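Structure, as structure tokens:
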Amino acid sequence: MRMTLIAPLALAAVASPALAATHDVAAGEGAQTRLQEALILAEPGDEIVLGAGRFALDDGLSLDVDGVTVRGAGMDVTVLDFSGQKGAGEGLLVTSDKVTLRDFAIENPKGDGIKSKGADDIVYHRVRVTWTGGPLSTNGAYGIYPVESTNVLIDGVQVSGASDAGIYVGQSRKITVRNSLAQANVAGIEIENSRDALVTMNMVTRNTGGILVFDLPDLPVMGGGNVLVQHNLVVDNDTANFAPPGNIVAGVRRGTGVMVMANDAVTVENNMITGNPTTAVMVVAYPRQYEDSRYNPYPRKVAIGHNMASGNGTDPQIGGGEQLVAMFGGALPAVMWDGLGENALTVDPAMSGWTLALTKQGQGPDDARPAPAKFAPFADAVDRAAVGASAELDARVG
Amino acid sequence: MIRSVALSLAGIAALAGALAARATPVGSVDQSAILSDGMPRTLSAFGFFADAPAQVPGKSVVPYRLNIPLWSDGAEKLRFVYVPPGKQARAEGEGLLDLPVGSALIKTFAFPRDGRRHLVETRVLLHRESGWVALPYLWNEAQTEATLAIAGARVRLTTPQGEEIDYRVPNKNQCKECHGLDGAVVPIGPKARNLSRDWLDAFAGQGHLDRVPAVAAPLPLWEERASVAVADAARGYLDVNCAHCHRPGATASNSGLDLRWEQADPRALGVMKRPVAAGRGAGELLFDIVPGHPERSILAHRMGSLEGGVAMPELGKSTVDRDGLAVVERWIRSLLPASGATEGGRGGG
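For the protein sequence lines, the chains are E and V, in the order given. Read in order, the letters of the first sequence correspond to residues 1 to 398 in UniProt numbering. Read in order, the letters of the second sequence correspond to residues 1 to 349 in UniProt numbering.
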């Protein structure tokens, strides 16, 4: 039974429920059962403390209790190893609110790494998800995967090897992704069908595409926008696309720095974007056919501010790329637009641009008439007070 | 410091069991085990059975079958419903019977072994004041008792098809992955449209149900799948096996795929719908369902896979349901590219 012994000293330091308990779980024999039991029997406010070492797990784990913290001894020393996983769609599934996940790693999950669905007020802090074989199409899709959630803070995580997006936030609101490292994934960081997101102070490198902001049709939640992408390092994203062909990210060109597809009000500013062979920034309409009458396929009010962009667009994965590079004098301009959408984008005058000059949504590369482009000057349309997770989540980080 | 508790499941369960077990006459359900907050350590604490090893139900515990059952590695399933004396379930049209607080649903999973029925697990759904609670119980080797297995288990066994598998007994949270709807745990199986008219008549006749609901479109009997309209068989199968997750408000809602029997929009059913978060689950394929082409349809591809991250359903599956897959493939093959909607509709072709 739960013990009732409480040392009064510590209580002042514990913000939430006074009866919070800690449950220690060590690696070793029976880890699957012991850890899953702890996750089930925890009560709101409890902390599950994972010891150092490798936890050999053969099934997905799940947490469905509000207010629980799962804390390891560090992302390099507490490793949940799913190499022998037999079932479930992810390593860890969280379906409750106010959960904190911190200081542990997940390796080689068969599906996604950590999925949190309908899990509001969640914090991911110093969590690592790694597919140790490197970029392989047989790796799971998403590393960190919050979906249908409000108030999401992802801070200091590391993801590599995801065959879709390393850090993927879908159909959610009030999101911060910061201080994180995404490398060798198809997409480094992807914000999809979401609103009020802040992506800042991250390093995204050696992915196929660095930072993607997408809005897609046929989903329960659409109308993505109000996204601020600033102060990120988007460097050398040059891994060949290894996504399974059916995925939307399978269409991402190798060497895409920042890509905005559809969406309403996205600002990209003060990032360092270097060494991305296709383009520094790409702003496009949703390219496929769709029948969803609720869906707007065009980008609106995308604002590209000052960014340090260099060494991009030198080897674009675009039909006729070599001629284009020659035409533009050795490298493509920093900002690529497909030419679709009214008030689609504004750009800092210091950043050069070009357009595919498509005239209709759904057209392909054959319809392109590439030409230099002049854009209206940068006009930020993001409601900055609204972006990001709420400040109280910060209290759980540190 | 915050008190540190090394978790002892046995201790917790034993106490809960002790609270709940009291002296229960054989074959008489212990209402307090259903209603109180505890997690009884043993199945026998509930008193659902007059003879549990033989699966003979006790008083007021009524066996039932579903027209189309959920497939679980070919397990034989024994289903029972309990409604407390003096209370009645309410019919809610074609949908789930509204079972009152104090009710329970009991489902035993068995596989043949040495020519005999070997009980593996019994799952109970208890309707408490606070809502439905799902608990898994694992049968012992001697087949004398089933014990709470809150973290689930894996059991080595051979399926009726002769495949040797590590059968998964779900943990308490996994129960909710299928039984969760809008954040609450709900039953899945006993929908009026998936129960026979005879059974509903009898259940009402015994006083357990307020009235026999009118069911315009019952699900066909699974064993008659070859002779009924293929759309009915396939859509019934998808409703029973997939739609508890693939529907709004449930675990796979974010996929946008809605496989419920009543869904009429072909796009929501997956026809020419692109995957969202399928990851490598999509394989080389582009659409959930390509009319006329099961071999190009992600839905059939994932049903036919056993690989983690690809296989659907994600839970309760260690082998492929060949019969179910065949029906779904036949249905997809019957869909016409231009008019997938009308041809794919139930009662259509």
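Note that beta-carbon positions come from the ideal geometry of N, C-alpha and C, so glycine has one too. This one's a predicted model, so the numbers in the text were calculated from it and none came from an experiment.
Residues that residue i contacts on chain E, provided the C-beta gap is smaller than 9 angstroms
i, result
"E314 (chain V)", "G60, G87, A88, G89, E90, G111"
"K176 (chain V)", "S62, D64, T95"
"R267 (chain V)", "D218, E291, D292"
"I188 (chain V)", "Here the premise fails: no neighbours, minimum Cβ distance about 17 angstroms."
Inter-residue Cα distance where the pair is residue i and residue j
i, j, result
"G292 (chain V)", "L219 (chain E)", "24 angstroms"
"F378 (chain E)", "A105 (chain E)", "40 angstroms"
"V276 (chain V)", "S255 (chain V)", "6 angstroms"
"R54 (chain E)", "A285 (chain E)", "45 angstroms"
"G180 (chain V)", "L340 (chain E)", "42 angstroms"
"S305 (chain V)", "P313 (chain V)", "10 angstroms"
"D321 (chain V)", "S72 (chain V)", "8 angstroms"
"A13 (chain E)", "F46 (chain V)", "Per-residue confidence for A13 (chain E) stands at a pLDDT of 41, beneath the threshold of 50, marking its modelled position as unreliable; no derived number is given."
"G279 (chain V)", "D112 (chain E)", "8 angstroms"
"A26 (chain E)", "L61 (chain E)", "15 angstroms"
"D323 (chain V)", "P299 (chain E)", "46 angstroms"
Beta-carbon neighbours of residue i, restricted to chain E and to distances below 8 angstroms
i, result
"P275 (chain V)", "G246, N247"
"R168 (chain V)", "D59, K86, G87"
"I289 (chain V)", "Within 8 angstroms Cβ-Cβ: nothing; I289 (chain V) doesn't reach chain E, min ~13 angstroms."
Those residues which DSSP pairs with residue i across a bridge
i, result
"Y64 (chain V)", "V:R79"
"M261 (chain E)", "E:F214, E:V284"
"E107 (chain E)", "E:D81, E:T130"
"W354 (chain E)", "E:M336, E:P372"
"L101 (chain E)", "E:V70, E:Y124"
"A303 (chain E)", "E:T267, E:T346"
"P146 (chain E)", "E:S116"
"E192 (chain E)", "E:G170, E:F214"
"G225 (chain E)", "E:R195, E:D264"
"V252 (chain E)", "Its beta-bridge partners do not exist; DSSP assigns none."
Where the beta strand (DSSP E) through residue i begins and ends
i, result
"Q143 (chain V)", "No beta strand (DSSP E) contains Q143 (chain V), which DSSP labels as neither H nor E."
"Y124 (chain E)", "122-130"
"F109 (chain V)", "104-113"
"V22 (chain E)", "In the sequence as presented, Val is not what sits at residue 22 (chain E); that position holds Thr. Element bounds for T22 (chain E): 22-25."
"I167 (chain E)", "165-170"
Residue i Cβ short of 7 angstroms to the ligand ATP heavy atom set
i, result
"V227 (chain E)", "Questions concerning the ligand ATP fall outside what the structure shown contains, since it holds no ligand whatsoever."
Buried versus exposed call for residue i [16 or more other C-beta atoms within 10 Å across all chains shown]
i, result
"S116 (chain E)", "buried"
"V56 (chain V)", "exposed"
"M261 (chain E)", "buried"
"T95 (chain E)", "buried"
"A21 (chain V)", "Confidence is the limiting factor: at A21 (chain V) the pLDDT is only 41, short of 50, which leaves the residue's position unreliable and the question unanswerable from this model."
"G210 (chain E)", "buried"
"T279 (chain E)", "buried"
"Q323 (chain E)", "exposed"
"D51 (chain V)", "exposed"
"D394 (chain E)", "exposed"
"E177 (chain V)", "buried"
"E47 (chain E)", "buried"
"T359 (chain E)", "exposed"
"K107 (chain V)", "buried"
"N343 (chain E)", "exposed"
"M39 (chain V)", "buried"
N- and C-terminal bounds of the alpha helix (DSSP H) containing residue i
i, result
"S334 (chain V)", "322-334"
"A182 (chain E)", "From DSSP, A182 (chain E) is part of no alpha helix (DSSP H) but of the beta strand (DSSP E) over 181-183."
"Y237 (chain V)", "230-241"
"R116 (chain V)", "Counting along the chain, R116 (chain V) falls outside any alpha helix (DSSP H), though it belongs to the beta strand (DSSP E) covering 116-128."
"D112 (chain E)", "Not the alpha helix (DSSP H): D112 (chain E) falls in the beta strand (DSSP E), residues 112-117."
"G53 (chain E)", "Element bounds for G53 (chain E): not the alpha helix (DSSP H) but the beta strand (DSSP E), 53-56."
"L202 (chain V)", "Leu is not the amino acid found at residue 202 (chain V); the sequence shown has Ala there. 197-205 is the span of the alpha helix (DSSP H), which, as asked, contains A202 (chain V)."
"S32 (chain V)", "31-35"
"E177 (chain V)", "172-179"
Neighbouring residues, chain V, relative to residue i (Cβ below 7 angstroms)
i, result
"P135 (chain E)", "Result: empty, since nearest Cβ-Cβ is about 12 angstroms, beyond 7 angstroms."
"T33 (chain E)", "A151"
"I40 (chain E)", "I150, A151, N171, K172, N173"
"D164 (chain E)", "G279"
Neighbour list for residue i in chain V, Cβ cutoff strictly below 9 angstroms
i, result
"G140 (chain E)", "G279, R280, G308, G309"
"E148 (chain E)", "S253, N254"
"S180 (chain E)", "Chain V residues near S180 (chain E): none, gap ~20 angstroms exceeds 9 angstroms."
"G170 (chain E)", "N254, V276, A277"
Proximal residues of chain V, C-beta to C-beta of residue i below 8 angstroms
i, result
"L219 (chain E)", "N254, G256, V276"
"K117 (chain E)", "T251, N254"
Chain-ordered neighbours of residue i on chain E, where CB pairs are closer than 7 angstroms
i, result
"L285 (chain V)", "G246"
"P84 (chain V)", "Going along chain E, no residue has its Cβ under 7 angstroms from P84 (chain V), so there is no contact; the nearest lies around 27 angstroms."
Contact set between residue i and chain C, taken where Cβ atoms lie within less than 7 angstroms
i, result
"I298 (chain V)", "Included in the structure are the protein chains E and V, with no chain C among them."
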